[in-house]
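Protein chains in written order, with our numbering: chain A, 71 to 220; chain B, 71 to 220; chain C, 71 to 220.
What follows is a single structure, written as structure tokens, with notes after it.
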Amino acid sequence: MPAINEILSVENPVFRSYMFYGSVLVVKMLVMSLLTARQRIKNKAFANPEDAELNKVKVKVHEDVERVRRAHLNDVENILPYFLVSFGYLLTNPAPFVAIWLFRVYTAARFAHTLVYAVAVVPQPARGISWFAGYLITGYMAFRTITYFA
Amino acid sequence: MPAINEILSVENPVFRSYMFYGSVLVVKMLVMSLLTARQRIKNKAFANPEDAELNKVKVKVHEDVERVRRAHLNDVENILPYFLVSFGYLLTNPAPFVAIWLFRVYTAARFAHTLVYAVAVVPQPARGISWFAGYLITGYMAFRTITYFA
Amino acid sequence: MPAINEILSVENPVFRSYMFYGSVLVVKMLVMSLLTARQRIKNKAFANPEDAELNKVKVKVHEDVERVRRAHLNDVENILPYFLVSFGYLLTNPAPFVAIWLFRVYTAARFAHTLVYAVAVVPQPARGISWFAGYLITGYMAFRTITYFA
């Protein structure tokens, strides 16, 4: 393992890429809340009585809201563990070219996942493939981290 | 970016503040499980057949339980991405005064959110405002991190 | 606090243990997605219309799927905050023996939790105890981090 001050440095293109794409993914996750709000307002489907009252409707469940919420939860279940394991992977001295492209492909795959799941619904296997690309990358990074620190 | 050993140090008041308020938020999240358990027991509303049997009732859904669970999920969707992006923000050499106050306001906003959502229900816009304060801070930190590491 | 380059180093057995068990827990969380998929296919219970159509069934909810999903959400609610607070704990100069065993017991407790919750259902208090062991460890690490950085 190289010295930590060389890894966690803005001079290190792998770390710069990790931070850049990581923050872009956080912004993507923040946008999920807006997509949910848009569907709640459009379909007048609120989960809390106090929100429903404000809109003079009853609490109800609407499939378009639930779809965005499932996509959001899928982000939570996948992107957050990815952050942790990609930090470990960063320390295993990976080839910069490989590491940076893994960050890029992961980010693109998660954007694609949200698009085909919650924005413009596309038939399978579009969602399956985009999800699996991110899943494989996370698994690979976990494997590399486990063997490095074992 | 300053050297990493100067940033990640107990001598650095910004890092000390990041760690202190971060851990306080983790404790706040841990408490959500107790709030859920309290509502489950009070309303005899259990999600698992084995828990319901133990209490000699049937599995059921109760609005007071669901409300705490929504507040908990909101924490997961907001606080966990905040941790990641506030770590990046920490490295962008922010003015200590600004950074420490952002950590404080964020923490206060999330405590307020839980209070008005799941402890003593207050009409809107109390929940909306407390949620949005945290949302804005996370978005600002993501923006700063993205531009710094781009 | 020791210098950060001594803590975040593959030479430091506490950090090596933190990274190793952390990545193992990420793999455990990744497996939850496979367990969910298995139950969805076995019970032909899909949440999305496009998935149900592919299997020529209607969207439906099945208890065996929901059980795995609850176990997965419990991981998200517990393991992800643990990662954050155990990183803080790592910096508080803990006795290596104590820290490494806390990582081990936490990991074992979460594996046990998944096993008795979502793989082979065991009556309470098996799930309660395995959950509480992890909860206590996270709370202890949060307490140590808060007092250290206060």
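Just so it is clear, CB atoms sit at the ideal spot from N, CA and C, and this is done for glycine as well.
Do residue j and residue i have their beta-carbon atoms positioned less than 8 Å apart in this structure?
{"i": "residue 191 (chain C)", "j": "residue 123 (chain B)", "result": "no"}
{"i": "residue 106 (chain B)", "j": "residue 139 (chain B)", "result": "yes"}
{"i": "residue 195 (chain B)", "j": "residue 83 (chain B)", "result": "no"}
{"i": "residue 163 (chain B)", "j": "residue 74 (chain C)", "result": "no"}
{"i": "residue 115 (chain B)", "j": "residue 135 (chain B)", "result": "yes"}
{"i": "residue 34 (chain B)", "j": "residue 89 (chain B)", "result": "Shown here, chain B extends from 71 to 220; a query on residue 34 (chain B) therefore has no answer."}
Which value, in whole angstroms, describes the spacing of the CA atoms of residue i and residue j?
{"i": "residue 200 (chain C)", "j": "residue 112 (chain A)", "result": "43 Å"}
{"i": "residue 185 (chain C)", "j": "residue 149 (chain C)", "result": "15 Å"}
{"i": "residue 71 (chain C)", "j": "residue 95 (chain C)", "result": "27 Å"}
{"i": "residue 100 (chain C)", "j": "residue 205 (chain A)", "result": "8 Å"}
{"i": "residue 189 (chain A)", "j": "residue 181 (chain A)", "result": "10 Å"}
{"i": "residue 117 (chain C)", "j": "residue 131 (chain C)", "result": "7 Å"}
{"i": "residue 213 (chain C)", "j": "residue 220 (chain C)", "result": "10 Å"}
{"i": "residue 211 (chain B)", "j": "residue 80 (chain A)", "result": "17 Å"}
{"i": "residue 193 (chain B)", "j": "residue 110 (chain B)", "result": "24 Å"}
{"i": "residue 133 (chain A)", "j": "residue 143 (chain A)", "result": "15 Å"}
{"i": "residue 129 (chain A)", "j": "residue 147 (chain A)", "result": "27 Å"}
{"i": "residue 104 (chain B)", "j": "residue 209 (chain C)", "result": "13 Å"}
{"i": "residue 108 (chain C)", "j": "residue 137 (chain C)", "result": "12 Å"}
Report all residues from its chain with a CB closer than 8 Å to the CB of residue i; omit the five preceding and five following residues, and keep chain order.
{"i": "residue 207 (chain A)", "result": "152, 172, 175, 176 and 179"}
{"i": "residue 87 (chain C)", "result": "169, 170, 173 and 174"}
For chain D, find out if any of its Cβ atoms is closer than 8 Å to the Cβ of residue i; answer yes or no.
{"i": "residue 185 (chain A)", "result": "Here chain D cannot be found, since the structure's protein chains are A, B and C."}
Report all residues from its chain with a CB closer than 7 Å to the CB of residue i; omit the five preceding and five following residues, and keep chain order.
{"i": "residue 92 (chain C)", "result": "153"}
{"i": "residue 215 (chain C)", "result": "155, 158, 159 and 162"}
{"i": "residue 203 (chain C)", "result": "175 and 179"}
{"i": "residue 77 (chain B)", "result": "85, 160 and 161"}
{"i": "residue 125 (chain C)", "result": "114 and 116"}
So, at 6 Å on beta carbons, what are the nonlocal neighbours of residue i in its own chain, with the 5 sequence-adjacent residues on each side left out?
{"i": "residue 187 (chain B)", "result": "141 and 197"}
{"i": "residue 127 (chain C)", "result": "114"}
{"i": "residue 218 (chain A)", "result": "162"}
{"i": "residue 183 (chain B)", "result": "200 and 201"}
Proximal residues, the region 132-157 of chain C versus chain B, C-beta separation under 7 Å: Within the region 132-157 of chain C, the qualifying residues are 140, 146, 147, 150, 151, 154 and 155.
Under 7 Å (Cβ pairs) to chain A, residues found in the region 74-87 of chain C: Interface annotation for the region 74-87 of chain C against chain A: 74, 75, 78, 79, 80 and 86, criterion Cβ-Cβ distance under 7 Å.
Residues in the region 104-136 of chain C having any Cβ partner in chain A nearer than 7 Å: Residues passing the 7 Å Cβ filter: 117, 120, 121 and 124.
Proximal residues, the region 206-218 of chain A versus chain C, C-beta separation under 7 Å: Residues of the region 206-218 of chain A that bring their beta carbon within less than 7 Å of a beta carbon in chain C comprise 208, 209, 212, 215 and 216, in sequence order.
Contacting positions in the region 165-192 of chain C - beta carbon closer than 8 Å to chain A: Hits within the stretch: zero.
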